[in-house]
Structure formats: C-alpha cells, structure tokens
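Structure first, then comments.
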C-alpha cells in the first residue's frame, strides 16, 4: 500500500440522492485504498425546522447549540453516513462509517468564545493515523462525517473540508496521498456562470493572479488556501471537480505548488 | 486474547442518561476485549411524534416504514450510538460505533411479507467475525446498534437482543464468550414486584419449571429462549442483570445449560 485516495464530497451533492448514487458508483470503482469524507448539506436545517429547533446564524455563520448538535449528529452520523455506507457495501466497497469519536479518529477543541460563541464547533487538533492505517490495511474504506469529539465526551461540529485536508496531511507521512474535492461545479471556474470555463491548473503563482483579478473569491478562497497548506504539508496532489470527476475525460482543476 | 465480554444494554436504560453514564463507567473499566450492543428505547417514537411521522403498531408490533427507518437510523446510529462512543472515549475505552452495514458487520434479510408486512425489519443472516476480531485485536471496542443491512444497500431495523446473541455465538468459535444482558431489573425475578427476588441460577431444568409456574412469561420468554439457544451454540456463560451488574456484590441471574 503506497497510494491513498482521499475524496471529499460536499453538502450540495449530498442533498441529491441521484447524484450521490452515481458518485458512489465511481468512487467504489476506484482501485486501492481510499477514504471518503462527506459534508452535511441543508438537511439538518430542514430537520430543525420540522422539529421547531431554532437555527441561529450570526454574521452568516451557523451557531451550533446543543439542540442543533444533536440534529447534526442524527443527520450527518446517522442518516447520511449510514446511507452512504450501505450503498458502498452494495457496490463491494467495504465501507466503515465514522465520526471523530469512533476509534478516536479525529479530535478537536471547542472553539473558544471570543466576540462570537459558535457553540459546539470544534477545530481539529489531532488525527489518529494508526486507526486509519489499520482500517485501510484490512481493505476497509473509512467514510468520515463532519462530527468530531474533544476526547472528554463532547461531540463537536467540524468543517468537512478541514477534516479531509487534515487526514490527507496526516496520512501523507506514510503514503502518497491524492486529495480530491468534489463539489457542485466541475472545478474552479474562470467565469462563474460558464461551466465550461474550468481552470485546468492552479499553482501558487497563478493563485495570486486569480485572487487579485477577483476570479477566486468568497467560498473558494478558504478552500484553495487549505489546498495550498495541505500541499506544503506533504499531500502529493489535489484536485477540485464535480461529482463526475472520476468519469473519463471529465474536466477538473489540479492544484499544485 | 481468549475471553470476550459481550454486553447488551436495553432500551429502558438507554433512555436515562444518568443510568447510562454510570453503566458506561463500569463497562469501560471491564478488562480485556469487549463489545457493547445497545437497544434504542422510545426516543425514535418521541422524535416521530415531534416530526409528525406516524408510528404504526399492528398487534403490538411496530411496523418500520421508510420514514420510521430513517428516524431509527438517526436516533440509534446517530444520536445514541455516537453519544455512547464519545462517553466511552472519555473513559479511555477506544470505542468504535457501528451498524451492521459498517464493515459488513452483521447482515440481515428483510422479513418476508406474510400475514403482516413488518416493513424494513431484518432477521440476521450473517456475522462478519473477522471484522470484530480485527477491531478487538487492535484494542477497539465495537459499539453495535440495532440497525443492520441487507448487503444490497438497504438498512434494516433489527432486534438488539438477537444481534447480541448472534455475535456472541459467532465469536464463541474463536473465544470464550461471556454474554451479559443488562435491563431495568436486577435479573429474572421470582416475584415481578419484588426487586429482591432475583433468581440466582436458571438452567434448562428449572427453566421448564419456572415457565409452567408462569413465573417466566411475556417479554422474558423470548429472551430466555435466545439465551438457551446461544448456550447450545457455544456461548460460555450468560448473565441477566441490571445496569449495575458490574458493580461488586450486585445480584444477577446466571443462565446455564
């Protein structure tokens, strides 16, 4: 075992069962050791509405109080994670669905209260590389959701992009790691409205240019920032693309140093 | 590794967070390889009410339609399972929470529609002994919930007592297995109203007598039937007791051939 594929699929894909089913077929067909990290999408918010749980946003950021953490745990670790695992099993991919608490896979620290109290939101502190290695060596495919824990009994809501990058970095000490981010677009677009304007390669030089031109902005900024950090820390290759990125001849953006 | 402790805690305990916390302290302190199986309790029903999902009972038996299966998956595999896992991690017990789909741990067949259509209820067909062995060898403690899968992508609601017995039987081919059922009473009671009337030992001979006297009836009948079957199939020892069964000098009922 020397190469590991780590794939993150975003919330916008997760919300569409048909897209998920197609994506999982491609993912299951990937040869060799692999890990899936999935976001949560809007389903926890929808469930909150149904249950009369208030979803509070401050400056566009979601505050995770105890009731919302419970919903997130039910939706991310329960409904979504187990649905993905069962589908992967039917595709002969021996998936094991986990949160950060399972096997102490990823640990986080509750974000300190400063101007804003995010509630039960955690920033990653540690990845249990041995746990992942053991699962991979036994031909299991870890399927990770965006719930971590603090080691003291508290589950925490943690960003899935960051979890994917942190696992990729931790494993890159032992393996060649290819990290793929799948989201609703086919890659980083030159023109946001034009799906065919996928930028094939972004390196640290062109990244600066694209930023100054305003082509990379908003949500894509932290995503790419994380990518370059992960590359600096040993991840071999990073790709950003759509849910069909593993189909032949599909465009994507390659991020390189 | 030659002895495995397999403990099942019932729904009535699961509903009480303080009882669960106390129980988990005792469970985490058990030495050697161990497995926990947990029931679901009434929380899925409570959630169904909140969400306006109909819970249908036919002849006292719960029918698991798609909406109820989703709720069960959220509550059992999400909320309850991950809360238990996070608590065990804080007690230095390296728990890994699973459904039957994870690692293909336990597979079931959807119950055939005869007089009654139970919906998405599954009867166990197979235990993946290797998956459990590997987790135990790496000092992980599997924490199993009452959701299995059919291997074709379908999750299924499956009785937790039966899951515990089936795993115990499967592992007894390789290990000495002690199976403990923890429920709300301190054991099988001679007089249902008298908590102090715990019957210390039941063997197949006294079992017949207790049945004919009507002392063992209703819910205890299938439980004990499963116990004797598990003993016949190789399980070394079975105990039935309350949530404090692992505390010193606590009474319990030992079931033996």
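Residue numbers (the working numbering), protein chains in the order written: chain A, 1 to 257; chain B, 1 to 257.
Backbone N, C-alpha and C define an ideal beta-carbon position, used for all residues, glycine too.
7 Å Cβ cut-off: residues of chain A touching residue i
{"i": "residue 149 (chain B)", "result": "86 and 89"}
{"i": "residue 73 (chain B)", "result": "78, 79 and 82"}
{"i": "residue 50 (chain B)", "result": "51"}
{"i": "residue 155 (chain B)", "result": "82 and 86"}
{"i": "residue 70 (chain B)", "result": "79"}
8 Å CB neighbourhood of residue i in its chain, flanking five on each side removed
{"i": "residue 69 (chain A)", "result": "119, 120, 155, 156 and 157"}
{"i": "residue 226 (chain B)", "result": "161, 162 and 165"}
{"i": "residue 190 (chain B)", "result": "197, 198, 199 and 215"}
{"i": "residue 250 (chain A)", "result": "186, 241, 242 and 244"}
{"i": "residue 159 (chain B)", "result": "146"}
{"i": "residue 233 (chain B)", "result": "169 and 172"}
{"i": "residue 231 (chain A)", "result": "238, 255, 256 and 257"}
{"i": "residue 59 (chain A)", "result": "116"}
{"i": "residue 42 (chain B)", "result": "11 and 15"}
{"i": "residue 61 (chain B)", "result": "116 and 118"}
Contact test: residue i Cβ vs the ligand ZN heavy atom, cutoff 8 Å
{"i": "residue 214 (chain A)", "result": "Among the components of this structure there are no ligands whatsoever, and the ligand ZN is therefore not found."}
Neighbouring residues, chain A, relative to residue i (Cβ below 8 Å)
{"i": "residue 134 (chain B)", "result": "134 and 138"}
Contacts of residue i in chain A (Cβ-Cβ under 9 Å)
{"i": "residue 126 (chain B)", "result": "Simply none; closest approach about 12 Å."}
Same chain only: Cβ atoms within 6 Å of residue i, ignoring 5 sequence neighbours per side
{"i": "residue 103 (chain B)", "result": "131"}
{"i": "residue 28 (chain B)", "result": "88, 91 and 93"}
{"i": "residue 210 (chain B)", "result": "216"}
{"i": "residue 37 (chain A)", "result": "8, 144, 160, 163 and 164"}
{"i": "residue 254 (chain B)", "result": "201 and 239"}
{"i": "residue 252 (chain A)", "result": "187, 239, 241 and 245"}
{"i": "residue 21 (chain B)", "result": "none"}
{"i": "residue 148 (chain A)", "result": "100, 106, 108, 122, 156 and 158"}
{"i": "residue 44 (chain A)", "result": "71, 72 and 75"}
{"i": "residue 10 (chain A)", "result": "39 and 183"}
Bridge-paired residues (DSSP) for residue i
{"i": "residue 203 (chain B)", "result": "B:256"}
{"i": "residue 150 (chain A)", "result": "None, per the DSSP bridge assignment."}
{"i": "residue 56 (chain B)", "result": "B:63"}
{"i": "residue 238 (chain B)", "result": "B:179 and B:255"}
{"i": "residue 107 (chain A)", "result": "A:126 and A:149"}
{"i": "residue 157 (chain A)", "result": "A:121 and A:147"}
{"i": "residue 113 (chain B)", "result": "Answer is none; residue 113 (chain B) lacks a bridge partner."}
{"i": "residue 243 (chain A)", "result": "In the DSSP output, where bridge partners are listed per residue, residue 243 (chain A) has none listed."}
{"i": "residue 5 (chain A)", "result": "A:34 and A:178"}
Residues near residue i by beta carbon distance below 7 Å, same chain, minus five either side
{"i": "residue 133 (chain A)", "result": "174"}
{"i": "residue 127 (chain B)", "result": "106, 166, 167 and 170"}
{"i": "residue 279 (chain B)", "result": "An answer regarding residue 279 (chain B) cannot be provided, because it is not within the stretch 1 to 257 covered by chain B."}
{"i": "residue 115 (chain A)", "result": "none"}
{"i": "residue 177 (chain B)", "result": "4, 6, 168, 171, 235 and 236"}
Interface partners of residue i on chain B, CB under 8 Å
{"i": "residue 54 (chain A)", "result": "Neighbours of residue 54 (chain A) on chain B: none; closest Cβ ~14 Å, over 8 Å."}
Chain D within 9 Å of residue i, Cβ atoms only
{"i": "residue 47 (chain B)", "result": "Absent from the structure is chain D; the protein chains it does hold are A and B."}
Contacts of residue i in chain B (Cβ-Cβ under 7 Å)
{"i": "residue 152 (chain A)", "result": "90"}
message: As an exercise, report each continuous beta strand (DSSP E) stretch of at least 3 residues that is fully enclosed by the region 9-54 of chain A, in chain order.
response: 34-38
field: Against chain A: residues of the region 95-107 of chain B by CB proximity under 8 Å
entry: 95, 96, 97, 98, 99, 101, 102, 103 and 104
field: Proximal residues, the region 206-224 of chain B versus chain A, C-beta separation under 8 Å
entry: none
3 or more residues per run - each beta strand (DSSP E) lying fully within the region 164-228 of chain A: 176-182 and 201-203
field: Unbroken stretches of the alpha helix (DSSP H), 4 residues or longer, contained in the region 68-97 of chain B
entry: 81-90
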